[in-house]
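Everything in the sequence shown is counted per the working numbering, starting at 5 for the first residue and increasing by one.
Glycine included, C-beta positions come from ideal geometry on N, C-alpha and C.
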Amino acid sequence: MELLGVGVAEAFVVLVISLIVVGPQRFPEIARQGGRYFRMARRYAAEVTADVRGAMAELEAEVEEQREELMAAQEDISSGISTSIEETRSDIRDIGRETQEALRDAPAAQAEAESEPDPSGNGAAPPAAASGLLTPRELPAGDAENG
């Protein structure tokens with residue numbers, strides 16, 4: 005058992021020295037005073053320890069509360085980002101599907117447009133400009149070589 009860094013052996017040495025210094029008549033009175041001071045010191049040390057533990061418990065509770073709030077905020081942000089990513093993926097899939105359908109339907113629409121008779125009634129196929137497509141002859145001079 006130690007109090008303020010003084011163990012049993014050190015306390016015994018102090019008692020023997022004090023007995024020699026003060027003598028046997030005053031030793032019991034000084035021992036009582038020393039016992040009182042020792043009890044007061046122990047009580048004070050216990051109070052300080054309890055206060056420190058209480059303060060630490062409060063701080064730990066505050067830290068835990070802050071940690072829980074941060075975790076909740078992180079979860080909210082994470083779920084919001086996940087939702088946005090999933091919506092974006094869904095939009096991209098829809099656009100890809102629509103593009104595939106348009107590409108699949110484009111040759112059929114072009115063939116249908118080429119097979120329809122000329123609305124002027126002369127039986128010729130409609131010009132390519134009517135279908136929205138340009139032939140190499142209709143492209144501007146610089147583009148005919150590239151396309």
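Item	Value
Alpha-carbon to alpha-carbon, ALA77 and ALA65	18 Å
Under 7 Å between C-beta atoms of VAL231 and ILE34	Nothing in the structure corresponds to residue 231, since the chain is present only between 5 and 151.
Close beta carbons around ALA110, own chain, < 7 Å, minus the five adjacent residues each side	none
GLU62 versus GLU72 - alpha carbon distance	15 Å
Whole runs of the beta strand (DSSP E) within the region 53-89, excluding any shorter than 3 residues	none
Alpha-carbon spacing of MET75 relative to ILE85, whole angstroms	15 Å
Rounded separation between VAL89 and ASP80 - CA only	The sequence shown places Ile at residue 89, not Val. In a straight line, the C-alpha of ILE89 is about 14 Å away from that of ASP80.
Whole-angstrom C-beta distance between LEU23 and PHE16, which should lie under 8 Å	That pair is no contact at about 11 Å.
Near the ligand MG: VAL17 beta-carbon under 6 Å from a heavy atom	Although the ligand MG was asked about, the structure shown includes no ligands whatsoever.
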